[in-house]
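Data first, discussion second: the structure below is written as structure tokens.
Residue numbers (the working numbering): 12 to 118.
What follows is the structure, encoded as structure tokens:
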């Protein structure tokens with residue numbers, strides 16, 4: 012059994028396919044449709060700063076920051092500072108995940 016890995020462009024195309032149009036996708040992530048077109052046709056990948064918004068908008072286990080931009084090694088740190096509410100701050104889930112489970116103050 013082989014596991015098929017998707018290219019960053021294929022993952023971006025999958026993300027867009029979750030929406031009715033590229034314009035709807037762009038609105039969902041707070042970008043302009045022309046930017047999305049450029050990512051798909053010119054850049055062949057999403058910019059790093061858009062990845063958390065794409066991941067959140069899609070809520071798909073395949074569409075992750077790591078699969079959109081596997082060339083960027085800072086996702087573990089980014090998850091620590093990206094708060095679930097879309098604000099910067101320490102994400103409790105990321106903190107627990109990186110610590111390897113529940114902490115004493117949570118028990």
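Ideal Cβ placement from N, Cα and C applies to all residues, glycine included.
For residue i, three-class secondary structure by DSSP
i: residue 32; result: coil
i: residue 15; result: coil
i: residue 22; result: helix
i: residue 82; result: coil
i: residue 65; result: helix
i: residue 89; result: helix
i: residue 55; result: coil
i: residue 73; result: coil
i: residue 38; result: helix
Proximity winner among the options, relative to residue i (alpha-carbon distances)
i: residue 79; options: 23, 60 and 16; result: 23
i: residue 62; options: 45, 52, 41 and 53; result: 41
i: residue 28; options: 43, 47, 16 and 15; result: 47
i: residue 89; options: 64, 73, 19 and 21; result: 64
Per-residue burial, residue i [other beta carbons within 10 Å of its own, 16 or more giving buried]
i: residue 66; result: buried
i: residue 53; result: exposed
i: residue 70; result: exposed
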